[in-house]
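Chains as they are written, first to last, in my numbering: chain A, 3 to 336; chain B, 3 to 336; chain C, 3 to 336; chain D, 3 to 336.
Every residue gets a Cβ at the ideal spot worked out from N, C-alpha and C, and that includes glycine.
This one's a predicted model, so the numbers in the text were calculated from it and none came from an experiment.
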């Protein structure tokens, strides 16, 4: 009755997911795991995955499990997900689904050929209760959505974070969650670069504003500002025909201290959607127990990849409006 | 057509009122003034009251003016207000109307004998737009008021501020404005002393909680905390049968800075009701032009004095509930 | 490795806890249950506790389990908890621990005699993340606490809810959580009755204000208003020497609709602390796996019972300040 | 010493300004006025401008006054302002300064030729205390400004309001106030059209998003949505290198009513900046008493006209980024 889980890649996120499965969530147990670094695998077993077998390959993990989590580095995702599909096993894959849109397409095709959903992509924001409540508010009270004003702000990023990463690593979350929020797809993208903050470095244009247009005509502006200094801050306002709704601020204690009425803003991105990881993975366990997957699909991962690629092109031609073309959506994902 | 104003007492508040009349408000001009300190009077003329005559006495100011402002020290208020009434001239009196309730009673009697309202007491909160909006909200939306939760907090007070001043100098504003807000009178008072802050001194019990009961049964709790450190902060929440309403926070810019979503709290009490002084004095000018007074009356000043006296007694018998008895209200104040 | 749980009483809350154990939390499984109404027990098995054995008595459930949940009606709690202690099994008991303070005392004595904590009382607010964050804020930023202003408001209550229930069923939560928040005990209580809302009935004085004093001198005022109409609303503001902190509002989407900038207030109390139930029960499972209990203890339940009794007496003598005396705390609860 | 004011055009705004001068502000008195509709002029005299002379022409008003207010219809502004400049008299001109940028240029040239500032344009937002506080916050705390996110929303507009009016009548306020807020000038504009609300009509594309770029590289996005239904709502968020600041919400009573924690949003634009009109006109009176003008200048009016014209062109080429070129600023306006 308890689902046997395999974990491929036991770095920070893999170990954290193993902890969730064994110590927080219900219905699953980690029975096998692997990592390119065997010490990492051993540490994972020692700390949170008692009794799990350390395997020599992803294939061995897949063979030993009812369902698998792909938490390896991005380059390896495609092959590992395809192997799980080939084995007919539900697979949760951290983003990116593949490092290129073509890889994501191959996964979609394999899943379609298999004939049943097996893949869930790790877009956790769809499981955040703020976004869930906002989506319900859009559906019930705001009227037809017309615009979205969003911001994705980090206090700081390391030197190796360069301009395209503002899309691939940062905007990627808005790309997925706003599609889902609006139940819509993108048709064009434009990037504009405001005056750069003096807190950035030579290889990173920061901030950026990405303008997206959807098939239904909704216009989205997303400020991406990864050296904003003051906090990790995710803003989202939907403007509908009847009114507006915003993503709530994370829970914080309102204080009156030192001449300020205020509340703390998170500084660490890991705290922002921490609850959503639990919900996301429980959703995977629940669906996997039925031999399938729900939530963000490989199609969603593919669309996000296509959209990201156009956004990166748009970074290279600031001000230009570039079209986004999607292939027809297979019926499996309706 | 321009009302000739006299100013008795040209300290900080007297000079500020003179400035308002000559440089902000409409309909009046300072023509005469006096102060026990002649240099102060000269400075007032030089800075804001150009052309005003410096008089040797309050009587001389009253004789030279259509209406007067009493801004002298508290001990002198009663005699000066009575002199203005005797001359049939509208008089604006800063609080306290008199240093004892009996003095306020004598002013009420003189005004009643004169047969027309001439006195406005300087309870400026009734002119604050937040309180005005809250009063309208109580009347229109909240249903019958049942409770009021209030707080009067100062960042710090000087050494000479002792326990009874928490009533006479601080709570006095809540005593007046809550009566007006509720259109009600007090029937009992109780004072309780929480653990004292370590930031107070030996002659001041701080904070205090004053519990007032009204004739209609409304229960009011007012926290008076004059060494609260963080700011000058006036809170007022009315709980009615249908819902609650609060005094708005003073206007401030919401910021996101240094890991905090916040806005400034005022530190200086003088900034909190600064707009209300203009409205209050314009109201005096407008009524005085018609030979009368409106706004907080000498009756209101008398009732505030009686209530304050009971509250000070209640400080001396912590926990005891003391009755507050008022004489019948003369018809002039209906 | 999986803890075998027994559930005594499978009404709404018992069944909900069984669901949590089997379908949400980790580490436990319901293996036995009982209810005075056998159909209720069967429904529980059918809906959420698959495979659990239906027993004929609480004793049989205790014998069949590693730990038990007492979710029966209040009159039965004492005997069932004592039976669990006698069997040396961890027991989670919904409030009240006993219907009278004396019953709670007997449980404390039995547990002390046993020599290890076995009992957790169902005061779930201690597990609410808002209260947890507020407690941390008190400890870290607000300075020594001096006052607490609190409110417990329900939109409406049924006819059978009478005046003392405002203490036993409603204030009881503040009684426990504020002791915990302040790490303090009560020494006196006073109740005052504001003007009654016209929405109450003859046997219920509503609203009420309960004033509590702690051993450290903190003064607490709690408004209990159970026909407030507008929503289920729990307010808590702590005033410390350096500043204030408030319980956060429950997460809600800020909207701009119909001339109002607003967010929803919950109407149903069951939604307010819904997450806390999960955390509370997981805490029980975790401690029970080690053969003990943590969280709110039988001592806490006993103190809450003593305090409640004094508050009810204080209702009968409005305005009087009644002392609250506690026996010495056994070392087991330090 | 009292400034003699002339009012040209006694419609709603002209009469309201006359009321301010005679009954609210200090230092001026309306002595002459005119209107194409003599009955309007008579009504103005009767209601608020007692004793003022009704003139037959703007020239006659100018001759009879120390300073004038031009509140006539837009087509007449240029000639009347030029006449005031020719007479060397300070002139307050409601927007638009002229119906075309060329007209505004002629006014600038006349004023420069005269050699002293005489013209104040009626951009009242610069006098709103919210914007004033935001400007100070930008200067003191937010660091170098990088982006501005703004919205200008009206609940509804009449049928005669067509697409270009979203610029000329609505965005014009943001065009002026954001230049002032940032102390910067515009270099390009782009307009994009989201999905249209079903509440608009055939000749009005609504909403619109206008993207402006400044000389310093600040990127501004302004949502203009004039059938937003829910209220009259002006939003402005400045994102600087160190953090963000927002325009405060207008004062409103926070209530808890009917399952909602909320506060009212204004529905009528006339209420939004009502206090700013007083401050603006007092500023004019004060400067005019010294024979000059301060505040928004004819140069500001000219720049706003040039910018508006480009924005209207940008409406006609959605998505295109159009340059905005300004002539060199005369030293008079430094």
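#1: Going by the CB atoms, is the gap between residue 332 of chain D and residue 123 of chain D shorter than 9 Å?
#2: Taking a cut of 7 Å between CB atoms, which residues from the segment 229 to 257 of chain C lie near chain A?
#3: Mind checking whether residue 274 of chain D and residue 250 of chain D have CB atoms under 9 Å apart?
#4: Does the beta-carbon of residue 86 of chain A have 16 or more other beta-carbons within 10 angstroms, so that it is buried, or is it exposed?
#5: Could you spell out the range, first to last residue, of the alpha helix (DSSP H) harbouring residue 133 of chain B?
#6: Extract the residue ranges of the alpha helix (DSSP H) inside the segment 231 to 265 of chain B, only unbroken runs of 4 or more that lie entirely within it.
#7: Name the chain B residues that come within less than 9 Å of residue 260 of chain A, Cβ to Cβ?
#8: Which value, in whole angstroms, describes the spacing of the CA atoms of residue 108 of chain D and residue 84 of chain D?
#9: Could you tell me whether the Cβ of residue 25 of chain A comes closer than 9 Å to any Cβ of chain C?
#10: Is there a C-beta anywhere in chain C that falls below 9 Å from the one on residue 321 of chain D?
#11: One question on the structure: do residue 136 of chain D and residue 238 of chain D come within less than 9 Å of each other, judged by their Cβ atoms?
#12: Roughly how many angstroms separate the alpha carbons of residue 285 of chain C and residue 128 of chain C, rounded to a whole number?
#13: With a threshold of 9 Å between beta-carbons, can residue 138 of chain C be considered close to chain B, or not?
#14: CB-CB under 6 Å to residue 288 of chain D, same chain, minus the five flanking residues each way: which ones, in chain order?
#15: Taking Cβ-Cβ distances below 7 Å as the criterion, which residues of the segment 108 to 140 of chain D are in contact with chain B?
#16: Can you tell me whether residue 110 of chain D is helix, strand or coil according to DSSP?
#17: Would you tell me roughly how many angstroms separate the C-alpha atoms of residue 191 of chain D and residue 307 of chain D, rounded to the nearest one?
#18: Within 10 angstroms of the Cβ of residue 96 of chain A, are there 16 or more other Cβ atoms? Answer buried if so, exposed if not.
#19: Whose Cβ in chain B lies nearer than 8 Å to the Cβ of residue 28 of chain D?
#20: Does the segment 11 to 21 of chain A come within contact of the segment 57 to 74 of chain A, defined as at least 3 CB pairs closer than 8 Å?
#21: Which of the residues in the segment 143 to 167 of chain B, read from start to end, lie with their CB under 7 Å from any CB of chain D?
#22: Please classify residue 80 of chain D as buried or exposed, where buried requires at least 16 neighbouring CB atoms within 10 angstroms.
#23: In angstroms, rounded to a whole number, what distance separates the CA positions of residue 171 of chain B and residue 213 of chain B?
#24: So which residues of chain A does residue 196 of chain D contact, with C-beta pairs closer than 8 Å?
#25: Which bits of chain C does residue 227 of chain B rub up against, with CB to CB less than 9 Å?
#26: Helix, strand or coil: which one does DSSP assign to residue 352 of chain B?
#27: For a contact meaning CB atoms closer than 8 Å, what does residue 334 of chain A contact in chain B?
#28: Starting from residue 201 of chain D, find everything on chain A with Cβ-Cβ shorter than 8 Å and list it in chain order.
#29: For residue 102 of chain C and residue 302 of chain A, I'd like the C-alpha separation in whole angstroms.
#30: Does residue 213 of chain C have its Cβ less than 9 Å from a Cβ in chain B?
#31: Which runs of the alpha helix (DSSP H) fall wholly inside the segment 41 to 121 of chain A and span at least 4 residues, in chain order?
#32: Would you call the segment 256 to 265 of chain C and the segment 197 to 207 of chain C in contact, with 3 or more CB pairs under 8 Å?
#33: Can you tell me the Cβ-Cβ gap for residue 233 of chain D and residue 240 of chain D, rounded? I've got them flagged as a contact below 8 Å.
#34: On the DSSP bridge list, what partners appear for residue 35 of chain D?
#35: With 9 Å as the threshold, decide whether the Cβ of residue 192 of chain D is near any Cβ in chain F.
#36: What in chain B is Cβ-close to residue 325 of chain C, meaning under 7 Å?
Taking the definition as stated:
#1: Looking up residue 123 of chain D in the fourth chain gives position 121. Looking up residue 332 of chain D in the fourth chain gives position 330. No, these two residues do not count as a Cβ contact at 9 Å.
#2: 244, 245, 246, 247, 248, 250, 253, 254, 255, 256 and 257
#3: Here residue 274 of chain D refers to the residue found at position 272 of the fourth chain. Here residue 250 of chain D refers to the residue found at position 248 of the fourth chain. No. Outside cutoff.
#4: Position 84 of the first chain, counted from the start, is the residue given in the question as residue 86 of chain A. Classification of residue 86 of chain A: buried, given that the 10 Å Cβ count is 16 or more.
#5: On the second chain, position 131 is the one that residue 133 of chain B refers to. Per DSSP, residue 133 of chain B belongs to the alpha helix (DSSP H) from 131 to 142.
#6: none
#7: For the purposes of this step, residue 260 of chain A is taken as the residue at position 258 of the first chain. Per Cβ cutoff of 9 Å: 231, 232, 233 and 267.
#8: Stepping through the fourth chain from its first residue, residue 108 of chain D is reached at position 106. Stepping through the fourth chain from its first residue, residue 84 of chain D is reached at position 82. So the two alpha carbons sit approximately 8 Å from each other.
#9: Counting from 1 along the first chain, the entry for residue 25 of chain A is found at position 23. For residue 25 of chain A, the answer is yes, since a Cβ of chain C falls inside 9 Å of its Cβ.
#10: Here residue 321 of chain D corresponds to residue number 319 of the fourth chain, with the count starting at 1. Answer no: the Cβ-Cβ gap between residue 321 of chain D and chain C never drops below 9 Å.
#11: Against the fourth chain, residue 136 of chain D aligns to sequence position 134. Against the fourth chain, residue 238 of chain D aligns to sequence position 236. The answer is yes: Cβ separation under 9 Å.
#12: Position 283 of the third chain, counted from the start, is the residue given in the question as residue 285 of chain C. Position 126 of the third chain, counted from the start, is the residue given in the question as residue 128 of chain C. Taking the straight line from one Cα to the other gives about 11 Å.
#13: For the purposes of this step, residue 138 of chain C is identified with residue 136 of the third chain, where counting begins at 1. It does not: the Cβ of residue 138 of chain C has no partner Cβ on chain B nearer than 9 Å.
#14: Counting from 1 along the fourth chain, the entry for residue 288 of chain D is found at position 286. Contacts found: none.
#15: 131, 132, 135, 136 and 139
#16: Locating residue 110 of chain D in the fourth chain gives position 108, counting from the first residue. Three-state DSSP puts residue 110 of chain D in a helix.
#17: Along the fourth chain, read from residue 1 onward, the residue named residue 191 of chain D stands at position 189. Along the fourth chain, read from residue 1 onward, the residue named residue 307 of chain D stands at position 305. Distance between the alpha carbons of residue 191 of chain D and residue 307 of chain D: 14 Å.
#18: Taking the first residue of the first chain as 1, we reach residue 96 of chain A at position 94. Buried is the call here.
#19: In the fourth chain, counting from the first residue as 1, residue 28 of chain D sits at position 26. Those are 24, 25, 26, 27 and 28, listed as they occur along chain B.
#20: yes
#21: 143
#22: Residue numbering aside, residue 80 of chain D sits at position 78 when the fourth chain is read from its first letter. Residue 80 of chain D should be labelled buried.
#23: The sequence position of residue 171 of chain B within the second chain is 169, counting from 1. The sequence position of residue 213 of chain B within the second chain is 211, counting from 1. About 17 Å.
#24: Locating residue 196 of chain D in the fourth chain gives position 194, counting from the first residue. Residues of chain A passing the Cβ test: 148, 149, 219, 220 and 221.
#25: On the second chain, residue 227 of chain B is found 225 positions in, with the first residue counted as 1. The contacting residues are 148, 149 and 241.
#26: Not covered by the structure: residue 352 of chain B. The range shown for chain B is 3 to 336.
#27: Within the first chain, residue 334 of chain A is the residue found at index 332, counting from 1. Within 8 Å Cβ-Cβ: nothing; residue 334 of chain A doesn't reach chain B, min ~43 Å.
#28: Residue mapping note: residue 201 of chain D aligns to position 199 of the fourth chain, counting from 1. What residue 201 of chain D touches in chain A: 243.
#29: Residue 102 of chain C sits at position 100 when you count from the first residue of the third chain. Residue 302 of chain A sits at position 300 when you count from the first residue of the first chain. Residue 102 of chain C and residue 302 of chain A: Cα-Cα distance of roughly 59 Å.
#30: The sequence position of residue 213 of chain C within the third chain is 211, counting from 1. It does; some Cβ of chain B falls within 9 Å.
#31: 60 to 66, 76 to 88 and 103 to 116
#32: no
#33: Within the fourth chain, residue 233 of chain D is the residue found at index 231, counting from 1. Within the fourth chain, residue 240 of chain D is the residue found at index 238, counting from 1. So it is not a contact: roughly 22 Å between Cβ atoms.
#34: As a working mapping, residue 35 of chain D is identified with position 33 in the fourth chain. Answer is D:9 and D:56, bridged to residue 35 of chain D.
#35: The displayed structure is made up of protein chains A, B, C and D, and chain F is not among them.
#36: Position 323 of the third chain, counted from the first residue, corresponds to residue 325 of chain C. Residues of chain B passing the Cβ test: none, with the nearest at roughly 12 Å.
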